[in-house]
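In case it helps, the working numbering puts the sequence shown at residues 6 to 295. Where a beta carbon is used, it is the ideal one built from N, C-alpha and C, also for glycine. Here is the structure we will look at.
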Amino acid sequence: MAQLSGETRVLGVIGHPVGHTSSPAMHNAAIAALGLDYVYVAFPVRPEDLGQALAGIRALQIRGLNVTVPHKVGVMALLDEISPEARTIGAVNTIDHSEGRLIGHNTDAFGVMQSLRLDGGLDKLPLRVALLGAGGAARAILYGLLQCPEVENVALLNRTADRAEALAAALDPEGRRVVPGTLDEHSGKVVGQAGLLINSTSMGMHPHPDASPLPDPTCLHPGMVVLDIVYNPLETLLLRQARQAGARPVDGLGMLARQGARAFAIWTGMEPPVEAMRAAALERLGKPSA
Ligand code: ATR
């Protein structure tokens with residue numbers, strides 16, 4: 006790490022717990038690669054202390070923050086401004102502290118769309134997309150998908166159908182493009198029609214690497230891109246099944262690095278070194294960065 010000085014500006018992440026996060030590794034790698042006088046640290050903030058933490062950010066002139074579980078929604082009421090994107094997604098994962106104002110952003114939709122384009126090779130998205138899950142991550146991803154006019158139909162499949170219906174109604178109130186449904190053994194037919202499948206559920210994540218959100222993998226097919234936002238393990242069971250079916254697997258590390266890179270650009274105004282950030286996150290996961 007470069008020498009800290011009286012001029013060093015502070016970035017960080019607030020969450021609870023926050024010790025597991027790969028954000029400090031990613032952002033400090035970016036800071037080092039660019040030789041900037043910044044440092045990025047993790048701040049554990051209990052939910053009941055969130056107001057005090059935000060006051061502290063103002064008082065200590067912390068330049069910017071990432072926001073993670075469980076504060077992504079609660080923090081919104083404490084900010085001076087919220088980007089239209091973050092407001093529609095209903096969550097903030099990045100705070101820009103600029104000229105005394107705290108401005109909330111959400112960089113998840115940008116991160117996933119960039120990953121689909123650059124890691125998945127999709128200059129244009131397919132007409133039909135299947136999105137598994139209806140939680141906070143799904144909401145940001147669905148927002149991103151609906152920004153793409155070429156996407157005509159999103160099958161939104163979730164274990165709890167009510168949540169899929171509520172999310173579809175929130176982001177596609179006229180019901181033109183999003184078709185909510187249940188994620189079960191009958192999901193294969195609709196998934197098989199999609200050119201892009203995205204898993205936003207936590208299924209397959211450590212410590213349950215033998216779980217897959219898709220009960221029947223025979224619907225995976227060549228020509229399909231399959232993105233799993235789970236990145237621990239890097240190759241989930243779903244991605245392994247996708248590879249075996251001749252589909253193109255895209256792991257969740259690209260989205261992680263690209264949402265972080267977008268935050269870094271907001272704070273520093275610099276072009277972020279995405280590959281250095283991805284390599285740092287990979288190393289943090291205990292894998293070789295080659
Ligand atoms: P996040 O903000 O990471 O999206 P979340 O809001 O808790 O987290 O959402 C988790 C998603 O994973 C949900 O879609 C959840 O399905 P439910 O809405 O039915 O709870 C899904 N999920 C988690 N564990 C699951 C499991 N064992 N089987 C199927 N879906 C699961």
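Smallest Cα separation from residue i: which of the options?
| i | options | result |
| --- | --- | --- |
| A35 | V195, P49, L16 and C153 | L16 |
| T223 | L244, V235, H213 and Q119 | L244 |
| S205 | C153, N98, N158 and G140 | G140 |
| I234 | S207, L219 and A250 | S207 |
| I94 | L176, A171 and A58 | L176 |
| A38 | A285, A216, M81 and I271 | A285 |
| L202 | L162, Q8 and A60 | L162 |
| L59 | T241, D42, L84 and G40 | L84 |
| K132 | D42, G291 and A199 | According to the sequence shown, residue 132 is Leu rather than Lys. Checked all of D42, G291 and A199; the closest Cα to L132 is A199. |
| V97 | G265, L290 and V183 | G265 |
Going by beta carbon distance, what residues of the same chain come within less than 6 Å of residue i, once the five residues before and after it are set aside?
| i | result |
| --- | --- |
| E155 | K129 and L130 |
| S120 | G259, M260 and R263 |
| V117 | I146, G149 and M260 |
| A252 | L225, M229 and V231 |
| V195 | A160 |
| R289 | S27 and A30 |
By Cβ distance, which residues of its chain are closer than 8 Å to residue i, with the 5 residues on each side in sequence left out?
| i | result |
| --- | --- |
| I62 | L70, I100, H102 and L107 |
| G11 | none |
| G24 | A47 and P49 |
| A295 | With a pLDDT of 41 at A295, under the threshold of 50, the predicted position of this residue should be treated as unreliable, though the coordinate-derived value follows. Excluding sequence neighbours, A295 sits near nothing in its chain. |
By Cβ distance below 7 Å, which residues in the same chain neighbour residue i in space, the five residues on each side in sequence not counted?
| i | result |
| --- | --- |
| P238 | H211 and P214 |
| A281 | A34, A35 and A38 |
| L9 | V44 |
| W272 | L16, R68, G69 and D101 |
Hey, would you say the C-beta of residue i is under 7 Å away from at least one heavy atom of the ligand ATR?
| i | result |
| --- | --- |
| T165 | yes |
| R168 | yes |
| P218 | yes |
| S28 | no |
| A139 | yes |
| T93 | no |
| M208 | yes |
| A143 | yes |
| S88 | no |
| S192 | no |
| S120 | no |
| S205 | yes |
- Message: Counting beta carbon pairs with one atom in the segment 15-34 and one in the segment 81-91, are three or more of them shorter than 8 Å?
- Response: Result no; under three Cβ-Cβ pairs closer than 8 Å.
- Task: Scan the segment 21-105 and note each continuous beta strand (DSSP E) run of 3 residues or more that stays entirely inside, going in chain order.
- Result: Counting only runs of 3+ residues, the beta strand (DSSP E) found wholly inside the segment 21-105 occupies 43-49, 69-72 and 99-103, in chain order.
- Message: I'd like to know if the segment 66-83 and the segment 10-25 are in contact, where contact means that at least 3 CB-CB pairs between them fall below 8 Å.
- Response: Touching, yes.
- Item | Uninterrupted alpha helix (DSSP H) stretches inside the segment 227-270 (no shorter than 4 residues) | Residue ranges of uninterrupted alpha helix (DSSP H) with 4 or more members, entirely inside the segment 227-270 and ordered along the chain, are 242-249.
- Can you list, in chain order, the stretches of the beta strand (DSSP E) that have 3 or more residues and sit fully within the segment 170-224? For the segment 170-224, the continuous beta strand (DSSP E) assignments of 3+ residues that do not extend past its boundaries occur at 183-187 and 201-204, in sequence order.
- Going along the chain, which unbroken runs of the beta strand (DSSP E) with 3 or more residues stay wholly within the segment 116-159? The segment 116-159 contains these whole beta strand (DSSP E) runs: 133-137.
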